[in-house]
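S.K.: Quick one: structure below, then a few questions.
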Amino acid sequence: MNLHQLNTEARAGHVEELNLIAIEGGDFIIEARVKGHAHPLSDTHGQRLKVHSVVDAQRLLSGLPAVPVHLVHWSMDDEMCGGGDAGDGDLKIPMPRRSAW
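Going by my numbering, the sequence shown wraps up at 101, each residue one higher than the last.
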C-alpha cells in the first residue's frame, strides 16, 4: 500500500489503525491495519517505506484523517536462545499524531 492508497482507505474509514514498528538499526516501518489485515506502506519504488524517527513518521502522516497510531517494539523473548516463553509480549503504545516540538 502506498501513501495515496492509504489516504484513500483512511478517508473511506477502512483503516483501523497505523503501527509504527521499530526495526533493527533504529529505523521504523509503517503498517496500516485494514479489515484486520496488515498492509506495510511502500515507497514510490514499491519497497517498504522506512522512516528514521517518530517525528519523521508524524510529518509523513500529518495529512491523513484521524486514525489511531501506535508505536510497536517487538518482544525479543521469543528470539532468545534458551530464554523462557513467559515474556511480557510486544510493547504497543498509543502515539500522538503531532510532535511536541
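Quick reminder that beta carbons are idealized off the backbone N, C-alpha and C, glycines included.
This one's a predicted model, so the numbers in the text were calculated from it and none came from an experiment.
(1) Just checking: is the beta-carbon of VAL51 within a distance shorter than 9 angstroms of some beta-carbon in chain D?
(2) Which one of VAL54, PRO94, GLY63 and ALA66 has the shortest CA to CA distance from GLY26?
(3) Which same chain residues end up closer than 8 angstroms to ILE30 when comparing Cβ atoms and leaving out the 5 residues on each side of it in sequence?
(4) Since VAL55 is in the beta strand (DSSP E), which residue starts that stretch and which ends it?
(5) Three-state secondary structure (DSSP) at GLU24?
(6) What is the rounded straight-line gap between the Cα of PRO65 and the Cα of PRO96?
M.R.: The answer reads as follows:
(1) No chain D appears in this structure, which consists of one protein chain only.
(2) For this step, residue 26 is matched to residue 26 along the sequence shown. Looking at the Cα atoms, VAL54 is the closest of the given residues.
(3) Translated into the one-based positions of the sequence shown, residue 30 becomes position 30. Cβ neighbours of ILE30 beyond the five flanking positions: LEU18, ASN19, LEU20, ILE21, PRO40, LEU41, LEU49, VAL51, ALA57, LEU60 and LEU61.
(4) Here residue 55 is taken as the residue at index 55 of the sequence shown, counted from 1. VAL55 -> not in any beta strand (DSSP E); alpha helix (DSSP H) instead, spanning 54-61.
(5) Walking along the sequence shown from the start, residue 24 turns up at place 24. In this structure, GLU24 counts as coil in the three-state DSSP scheme.
(6) As a first step, residue 65 must be located in the sequence shown, where it is residue number 65. As a first step, residue 96 must be located in the sequence shown, where it is residue number 96. Roughly 13 angstroms separates the two Cα atoms.
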